[in-house]
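Contents: one structure, followed by commentary.
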Amino acid sequence: MSFTTNAISAYQRVGVETGVESADAHKLILMLFEGTQEALARTKMHMQRNEIAEKGQMISKAIIIIDEGLSACLDMNAGGDLAIKLKALYDYMTHRLLVANMQNNLEIIDEVNMLLSELYSAWKEIGQSNGTQAAIKAINI
């Protein structure tokens, strides 16, 4: 199964809808980051309002996007050390989000969001440079 098919399936499972069918691999990864960041923003809002069920839904959505989208798309063979490090980082993020959920901890949400923002910025910049193909080897295309 190709990366594009995997990413489209992941999006459909978590409800990210716009532009998925026509997006290229690079854009799909950007959309996964954006979907996760949106879910985390909503998580924070629900935490601040003490809306437990809604908070749980949004934090679960973020975890699913990271786990079934970003992490699942990594090609551990072709991606080498970069894929291994990204997998470890994604695992760390999902663990931290579970802790944030249990503790209602906004600071952990901010920590994970900062990590995602840095990866998003780097991925966006890769798309604007000639290094796209080298970086894309870390994902399953």
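For what it's worth, my numbering labels the leading residue of the sequence shown as -1, then goes sequentially. Don't be surprised by glycine CBs; every beta carbon is placed ideally from N, CA and C. Model, not experiment: these values are computed from the prediction.
Which residue comes first and which comes last in the alpha helix (DSSP H) that contains residue i?
i	result
residue 125	104 to 125
residue 82	78 to 101
residue 40	23 to 46
residue 54	50 to 62
Is residue j closer than 7 Å to residue i when the C-beta atoms are compared?
i	j	result
residue 38	residue 70	no
residue 114	residue 34	yes
residue 124	residue 91	no
residue 68	residue 95	no
residue 107	residue 98	yes
Compute the Euclidean distance between the alpha carbons of residue i and residue j, then round it to the nearest angstrom.
i	j	result
residue 27	residue 78	18 Å
residue 46	residue 100	14 Å
residue 126	residue 87	24 Å
residue 42	residue 51	13 Å
residue 111	residue 66	18 Å
residue 117	residue 75	21 Å
Any contact of the region 47 to 61 with the region 73 to 87, i.e. 3+ C-beta pairs under 8 Å?
Not touching, per the Cβ criterion.
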